[in-house]
Amino acid sequence: MIPHQVPRVLRLGPARLTAGLDHCRRLDLPAHRTLHGVPVPRDVQDLIARVDEVDLRGRGGAAFPFGRKLRAVAEAAAARESVVLVNGAEGEPASSKDKMLLVRTPHLVLDGAVLAAEALHAREVVIATVAGEVAEASVSAAVAERRAANVSGAAESRIAIRVVGLRERFISGEGGALVRGVNGEEPVPPGRKRRAAASGVDGLPTLLSNTETFAQLALLAELGTERYAEVGTSKEPGTVLLTVSGGAAAGAVVETPSGTPLAAVLDLCDADVGEGVLVGGYHGAWLTPDAARSAVVSREGMKQAGGGLGAGIIVPIGSSTCPVGEAARVASYLAAQSAGQCGPCRLGLPDVARALCALAEGTGSIDAVRRCVRAVERRGACFHPDGTAKFVLSALDAFETDIALHLEHGSCGRPVRGVLPLPEPDPEPEYRLEVDWTRCQGHGLCAHLLPEFVDLDDYGFPSFRTMPGWMAKEARRAVDMCPALALRLVQTTGEEPRPAASPLRLVRGGVFRRPPSLRGLTRLEPPASRGQHARPAPAEPRSSRRSGRRDGGFGAGGERPVTTGPEPAEPSPAPRPPLHLAPAPHLAPVPQPAPVPQPDPGRHLAPAPQAPYSPGLPRTGHPGPDLPPAGHLAPGPDPGRGSFPASAGDAFPHLAPASDFSWFGGPMG
Amino acid sequence: MLHRRHPRHAPTTLDTRNVRLGACASITAVLLSALALTRTERGLALLGRVVSFLEFYAGVFALVLLTTTVALGLLTTERAFLTPAWRVRAQLAHRATAVIGMAYLVTHILLMVGLGHVPVGAVIVPVAGAYVFIGVLGLGLMAVALVTGVIRGRFAVRAKPWTWRVLHSAAYAAWPLVVAHGLTAGRPPDGWVAWSYVACLAAVASALLVRVVATLRRPSAAPERVPAPAVTAPAAEPRERVGAPVSLADARRRFREAG
Chain Z
1 MIPHQVPRVL RLGPARLTAG LDHCRRLDLP AHRTLHGVPV PRDVQDLIAR
51 VDEVDLRGRG GAAFPFGRKL RAVAEAAAAR ESVVLVNGAE GEPASSKDKM
101 LLVRTPHLVL DGAVLAAEAL HAREVVIATV AGEVAEASVS AAVAERRAAN
151 VSGAAESRIA IRVVGLRERF ISGEGGALVR GVNGEEPVPP GRKRRAAASG
201 VDGLPTLLSN TETFAQLALL AELGTERYAE VGTSKEPGTV LLTVSGGAAA
251 GAVVETPSGT PLAAVLDLCD ADVGEGVLVG GYHGAWLTPD AARSAVVSRE
301 GMKQAGGGLG AGIIVPIGSS TCPVGEAARV ASYLAAQSAG QCGPCRLGLP
351 DVARALCALA EGTGSIDAVR RCVRAVERRG ACFHPDGTAK FVLSALDAFE
401 TDIALHLEHG SCGRPVRGVL PLPEPDPEPE YRLEVDWTRC QGHGLCAHLL
451 PEFVDLDDYG FPSFRTMPGW MAKEARRAVD MCPALALRLV QTTGEEPRPA
501 ASPLRLVRGG VFRRPPSLRG LTRLEPPASR GQHARPAPAE PRSSRRSGRR
551 DGGFGAGGER PVTTGPEPAE PSPAPRPPLH LAPAPHLAPV PQPAPVPQPD
601 PGRHLAPAPQ APYSPGLPRT GHPGPDLPPA GHLAPGPDPG RGSFPASAGD
651 AFPHLAPASD FSWFGGPMG
Chain E
1 MLHRRHPRHA PTTLDTRNVR LGACASITAV LLSALALTRT ERGLALLGRV
51 VSFLEFYAGV FALVLLTTTV ALGLLTTERA FLTPAWRVRA QLAHRATAVI
101 GMAYLVTHIL LMVGLGHVPV GAVIVPVAGA YVFIGVLGLG LMAVALVTGV
151 IRGRFAVRAK PWTWRVLHSA AYAAWPLVVA HGLTAGRPPD GWVAWSYVAC
201 LAAVASALLV RVVATLRRPS AAPERVPAPA VTAPAAEPRE RVGAPVSLAD
251 ARRRFREAG
């Protein structure tokens with residue numbers, strides 16, 4: 001599988017996670033093996049020792065020590081099975097490092113996860129990604145490549161790998177929400193915290209960490225601690241993935257050793273700092289331009305500058321947009337992303353957003369915003385209200401002069417350009433009453449029933465306005481009561497709002513079919529039959545239980561259980577015709593187009609052209625990950641646009657070099 | 001500001017959440033107390049008295065409520081009698097009386113069959129006499145009216161409106177049958193009861209007659225003719241153009257005259 005357009009990658013310093021990505025869009029299995037070698041299975045104690053030595057932290061934002069997590073899971077899993085869960089559904093609109101890893105080097109992530117899983121003797125590896133996006137297709141294809149390699153005799157790990165597509169929400173990246181989503185429940189944070197290390201996927205001890213963490217783990221195992229710690233600061237060795245977007249002219253995922261000045265990263269991306277830099281995402285904090293100039297990319301350095309590294313999100317706001325308006329946009333987005341479970345968050349965050357919007361219009365006051373913020377802080381099941389409060393408060397501090405301008409003149413004179421990236425909002429359901437004019441007699445009952453939405457003209461005939469979704473019931477009553485039977489209700493935009501959980505759907509979803517106490521038992525079936533079971537078959541019960549039924553509205557890719565796993569080690573794959581083989585050149589001479597499991601063929605993927613495939617440059621050029629050194633602090637070349645290497649062009653003749661940069665827009669070849 | 005928490009669009013207080021909750025609660029309370037009454041001797045006796053009361057009066061209540069329903073339905077269709085606000089209220093009351101009346105009707109039938117006044121087959125075939133069968137016919141037609149009333153909104157989308165009107169008009173046929181059944185099948189009614197039913201019949205029949213005649217004789221809804229300015233002076237005759245020949249013969253003549 002070769003994605004058509006991929007996140008851009010830039011680099012300062014040596015290439016580690018982004019090695020080999022200068023010349024091709026996605027490293028497939030042979031290319032990855034050439035570049036990174038074959039991972040050696042390791043003992044869990046050995047792994048923990050290595051991780052502790054370099055103090056590897058979770059890269060999803062919380063920076064939890066990965067060694068402690070590993071140890072906790074290893075202890076909890078002493079008597080039971082365990083699961084390794086890769087969090088690839090980060091939910092942050094401004095972050096794309098996880099998507100980049102899953103799209104462009106999925107095997108690095110898989111290597112790390114499989115390494116941990118083999119050390120823990122885990123039951124399976126679960127990759128949770130956003131359903132229906134390129135990342136899901138890429139990981140599924142990577143899993144299929146591994147299975148195909150195994151079929152033809154390679155010695156890939158035979159641990160089961162399952163790819164779960166979740167609906168993307170801001171809060172779905174929270175650990176508890178992710179575990180619930182993978183378990184087939186509503187992906188919202190649980191009210192009572194349970195460590196995933198104690199009870200996660202299917203109630204088993206679960207090693208849950210971010211995509212980049214597992215990629216770093218694979219690198220650590222490959223390089224050894226000394227070579228791993230060659231770059232970076234002594235406290236935080238290694239490299240960091242940053243996502244630079246917003247006011248940066250060249251938005252990209254940047255790999256940089258920790259300890260790099262933030263200014264260098266911003267210069268690399270041609271960033272216009274403007275009024276400030278948001279670090280750490282939408283739950284992060286704003287740095288003033290002065291602080292940003294002197295900040296250093298590391299957890300410690302960011303803390304000293306007044307922010308936090310978080311998930312490595314760097315958003316310079318630029319000087320052409322109104323910063324207060326941008327902050328208000330993000331605040332209202334965050335308010336809408338509340339799961340609605342906790343009262344202070346559900347009711348308080350819209351008030352915060354409203355107060356900030358009023359400030360942007362010049363009517364509110366800073367005190368009002370602070371009062372609203374105080375009502376939500378530390379009052380929720382997850383970090384969402386706190387993070388939003390942090391964002392808003394730091395915006396108040398960082399944009400003090402702009403806010404003063406707004407309060408004085410009503411505006412700072414700049415338009416709101418939408419620099420801070422936000423996902424497309426779901427269209428609100430809207431209704432319109434339509435009238436059959438030949439039937440309407442001008443009785444006027446509709447105007448009496450819906451005074452805000454129906455106007456009567458001088459003759460007593462109605463004209464209608466569009467109605468919000470929550471008026472649908474009243475509108476239906478007006479349709480019912482029209483004496484001339486002339487009205488009908490039409491939905492103009494959006495989806496029909498569905499109840500969160502209806503009894504009917506629960507029953508159909510099989511919630512009552514299998515009591516949770518039996519879950520562990522059914523897992524203990526023989527491995528061969530499990531392998532049969534988990535093959536992607538749409539009508540098969542296990543996948544239908546897990547698939548995104550409660551989010552059935554978003555395309556075909558609810559979830560696709562794909563396993564490399566327990567295939568019987570027989571050399572001839574003859575009895576299984578529907579095997580999804582990716583075109584692995586060293587396996588089969590057939591120039592087959594990639595019939596990989598694709599999450600949404602209609603929208604994202606075009607059928608692959610029948611081009612003979614040959615992995616081009618990554619084989620010939622780079623024996624090791626550190627090979628394209630390009631000097632310290634020198635930007636690596638960029639395959640996304642500009643110079644597209646000739647050899648890569650030869651390798652993928654059907655792909656024109658992507659001239660414009662868009663994150664996940666186009667079809668894949 | 002329009003907000004779902006502060007709706008201005010609550011034109012009636014009849015069909016609100018509180019009223020519905022209250023109705024459900026009272027029905028539940030009645031059923032539960034009936035259940036509780038069966039636990040004691042005196043309660044059973046009391047329940048027996050209630051049953052015998054219903055045996056006598058459930059049919060009467062059904063008849064009165066269905067009469068009200070028909071009258072309200074007729075009232076709410078015509079804009080001549082009520083303002084839109086009252087028409088909405090009348091429509092809600094029409095539905096409420098219809099549902100309660102049908103509930104009494106079902107109670108009546110269950111009691112009549114259960115207490116052995118009529119055999120079970122009488123609900124379908126005329127084995128218990130013509131007067132009972134009239135009531136059965138009325139029941140069927142009333143059921144048609146009830147069902148069409150419940151699914152009224154669907155007719156607005158698909159079928160032609162007259163389909164619904166014809167089907168729902170089954171009530172007009174059902175109601176006299178039911179009245180006749182009520183006056184004849186059971187105990188002989190008092191004189192004033194009979195006369196008030198006759199008055200009801202006459203009132204509804206005349207209102208219906210007015211409605212039908214008005215519908216039939218309604219002038220076609222042509223647009224009003226707007227008096228345009230009248231023509232005061234006729235257009236001037238087009239004057240002949242001086243030199244222009246009008247016909248070929250004329251041209252030849254002129255040519256000859258010119259030499």
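Line order of the protein sequences matches chains Z and E. At position 668 of the first sequence the residue is numbered 668 (full-length UniProt numbering), and the sequence of numbers has no breaks. At position 81 of the second sequence the residue is numbered 81 (full-length UniProt numbering), and the sequence of numbers has no breaks. By construction, the Cβ of each residue, glycine as well, lies at the ideal position given by its N, Cα and C atoms. All of these numbers come straight from a predicted model, not from anything done at the bench.
So, does the CB of cysteine 440/Z fall closer than 8 angstroms to a CB anywhere in chain E?
By one-based count along the first sequence, residue 440/Z stands at place 440. It does not; no Cβ of chain E falls within 8 angstroms.
In angstroms, rounded to a whole number, what distance separates the CA positions of leucine 102/Z and alanine 78/Z?
For the purposes of this step, residue 102/Z is taken as residue 102 along the first sequence, with counting starting at 1. For the purposes of this step, residue 78/Z is taken as residue 78 along the first sequence, with counting starting at 1. Distance between the alpha carbons of leucine 102/Z and alanine 78/Z: 30 angstroms.
Show which residues of chain Z have a CB atom less than 7 angstroms away from the CB atom of threonine 77/E.
Counted from its first residue, the second sequence places residue 77/E at position 77. Per Cβ cutoff of 7 angstroms: Pro483.
To the nearest whole angstrom, what separates the beta carbons of leucine 27/Z and threonine 129/Z, a pair I think is in contact under 8 angstroms?
As a first step, residue 27/Z must be located in the first sequence, where it is residue number 27. As a first step, residue 129/Z must be located in the first sequence, where it is residue number 129. Not really, about 17 angstroms apart at Cβ, beyond 8 angstroms.
Near threonine 184/E, which residues of its chain fall below 7 angstroms by C-beta distance, leaving aside the five closest residues on each side in sequence?
Working through the second sequence from its first residue, we reach residue 184/E at position 184. Closer than 7 angstroms at Cβ, skipping near neighbours: Tyr131.
Can you look up arginine 346/Z in the DSSP assignment and give me helix, strand or coil?
Here residue 346/Z is taken as the residue at index 346 of the first sequence, counted from 1. Correct three-state label for arginine 346/Z: helix.
Anything in chain Z within Cβ reach of glycine 153/E, meaning under 7 angstroms, just list it in chain order.
What you label residue 153/E is simply residue 153 of the second sequence in a count that begins at 1. By Cβ distance, chain Z contributes Arg476, Val479 and Asp480.
When DSSP labels each residue in this structure, what does valine 6/Z get in the three-state scheme?
Here residue 6/Z refers to the residue found at position 6 of the first sequence. Three-state result, valine 6/Z: coil.
Look at the alpha carbon of valine 297/Z and the alpha carbon of glutamate 474/Z, and state the distance between them as a whole number of angstroms.
Stepping through the first sequence from its first residue, residue 297/Z is reached at position 297. Stepping through the first sequence from its first residue, residue 474/Z is reached at position 474. Near 55 angstroms, if we compare the C-alpha coordinates of glutamate 474/Z and valine 297/Z.
Which residues in the same chain have their Cβ closer than 7 angstroms to the Cβ of proline 189/E, if we skip the five residues on either side of it in sequence?
In the second sequence, the residue the question calls residue 189/E occupies position 189. So the qualifying residues of the chain are Leu183.
Three-state secondary structure (DSSP) of glutamate 212/Z
For this step, residue 212/Z is matched to residue 212 along the first sequence. DSSP places glutamate 212/Z in helix when its eight states are reduced to three.
What is the DSSP secondary structure of asparagine 87/Z, counted as helix, strand or coil?
Against the first sequence, residue 87/Z aligns to sequence position 87. DSSP places asparagine 87/Z in strand when its eight states are reduced to three.
Please report the residue range of the beta strand (DSSP E) in which valine 188/Z lies.
By one-based count along the first sequence, residue 188/Z stands at place 188. No beta strand (DSSP E) contains valine 188/Z, which DSSP labels as neither H nor E.
Quick one: does leucine 349/Z have its CB under 8 angstroms from some CB of chain E?
Mapped onto the first sequence, residue 349/Z falls at position 349. By this cut-off, leucine 349/Z is not an interface position.
So, is leucine 31/E buried or exposed, given that buried needs 16 or more other C-beta atoms within 10 angstroms?
Here residue 31/E is taken as the residue at index 31 of the second sequence, counted from 1. Counting Cβ neighbours within 10 Å, leucine 31/E comes out exposed, since fewer than 16 surround it.
According to DSSP, simplified to helix, strand and coil, what is alanine 539/Z?
Your numbering for residue 539/Z matches position 539 in the first sequence. Only weak support is given to the placement of alanine 539/Z: the predicted model assigns it a pLDDT of 39, under 50, and the question is left unresolved by the model.
Starting from the Cα of glycine 387/Z, find the closest Cα among Asp436/Z, Gln337/Z and Gly362/Z and give me that residue.
For the purposes of this step, residue 387/Z is taken as residue 387 along the first sequence, with counting starting at 1. It is Gln337/Z whose Cα lies nearest to the Cα of glycine 387/Z.
Output yes if chain Z places a C-beta closer than 8 angstroms to the C-beta of arginine 87/E; else output no.
On the second sequence, position 87 is the one that residue 87/E refers to. Closer than 8 angstroms to some Cβ of chain Z, the Cβ of arginine 87/E qualifies, so yes.
When burial is assigned at 16 or more other CB atoms within 10 Å of the CB, is aspartate 457/Z buried or exposed?
Residue 457/Z sits at position 457 when you count from the first residue of the first sequence. With fewer than 16 Cβ atoms within 10 Å of its Cβ, aspartate 457/Z is classed as exposed.
My output table needs one value for alanine 271/Z: the three-state DSSP class, helix, strand or coil.
Reading the first sequence from its first residue, position 271 is the one you call residue 271/Z. Strand.
Nearest residue (CA-CA) to glutamate 430/Z, options Leu268/Z, Ala142/Z, Leu489/Z and Leu219/Z:
On the first sequence, position 430 is the one that residue 430/Z refers to. Residue Leu489/Z is the option with its Cα nearest to glutamate 430/Z.
State the start and end residues of the unbroken alpha helix (DSSP H) segment that holds alanine 135/Z.
Against the first sequence, residue 135/Z aligns to sequence position 135. 134-151 is the extent of the alpha helix (DSSP H) around alanine 135/Z.
Is there at least one Cβ from chain Z nearer than 8 angstroms to proline 161/E's Cβ?
Along the second sequence, read from residue 1 onward, the residue named residue 161/E stands at position 161. It does: the Cβ of proline 161/E has a partner Cβ on chain Z nearer than 8 angstroms.
Classification of leucine 359/Z by the beta-carbon crowding that lies within 10 angstroms, buried from 16 upward:
The sequence position of residue 359/Z within the first sequence is 359, counting from 1. It counts as buried.
Please report how far the alpha carbon of histidine 106/E lies from the alpha carbon of histidine 443/Z, in whole angstroms.
Within the second sequence, the letter at position 106 stands for residue 106/E. Within the first sequence, the letter at position 443 stands for residue 443/Z. One point to set straight first is that residue 106/E is valine, not histidine, in the sequence displayed. If I take the Cα positions, the gap works out to 35 angstroms.
Assigned exposure category for serine 404/Z - 16 Cβ within 10 Å defines buried
The residue labelled residue 404/Z in the question sits at position 404 within the first sequence. Here residue 404/Z is alanine; the residue named in the question, serine, does not match the sequence. That one is exposed.
Assign valine 115/E to one of three DSSP states: helix, strand, or coil.
Within the second sequence, residue 115/E is the residue found at index 115, counting from 1. One detail in the question is off: residue 115/E reads as leucine in this sequence, not valine. Coil, per DSSP.
Beta carbon of residue 339/E, beta carbon of valine 70/E: below 8 angstroms?
It is not possible to answer for residue 339/E, since the shown part of chain E is limited to 1 through 259.
Can you tell me which residues form a DSSP beta bridge with tyrosine 431/Z?
For this step, residue 431/Z is matched to residue 431 along the first sequence. Answer by DSSP bridge pairing, in chain order: Met467/Z and Gln491/Z.
Of the choices Phe453/Z, Gly469/Z, Met471/Z and Arg371/Z, whose alpha-carbon is the least far from that of serine 463/Z?
As a working mapping, residue 463/Z is identified with position 463 in the first sequence. Serine 463/Z has its Cα closest to that of Phe453/Z, out of Phe453/Z, Gly469/Z, Met471/Z and Arg371/Z.
Would leucine 433/Z pass as an interface residue toward chain E - the criterion being a Cβ-Cβ separation below 8 angstroms?
To locate residue 433/Z, count along the first sequence from 1; it is residue 433. By this cut-off, leucine 433/Z is not an interface position.
Amino acids of chain Z, ordered along the chain, whose beta-carbon sits closer than 8 angstroms to that of tryptophan 164/E
Translated into the one-based positions of the second sequence, residue 164/E becomes position 164. In chain order: Leu485.
Touching by the beta-carbon criterion (3+ pairs, under 8 angstroms), the stretch 309-327 of chain Z and the stretch 392-399 of chain Z
yes
Near the ligand ADP: glycine 73/E beta-carbon under 7 angstroms from a heavy atom
Because no ligand of any kind appears in the structure shown, any question about the ligand ADP cannot be addressed here.
Listing by chain order, which chain B residues have their CB less than 7 angstroms from the CB of alanine 170/E?
Of the protein chains in this structure, namely Z and E, none is chain B.
State the CB to CB distance for the pair alanine 335/Z and alanine 353/Z, rounded to an integer number of angstroms; the pair is presumed to be in contact (CB under 8 angstroms).
Counting from 1 along the first sequence, the entry for residue 335/Z is found at position 335. Counting from 1 along the first sequence, the entry for residue 353/Z is found at position 353. About 4 angstroms separates the two Cβ atoms, so the contact holds.
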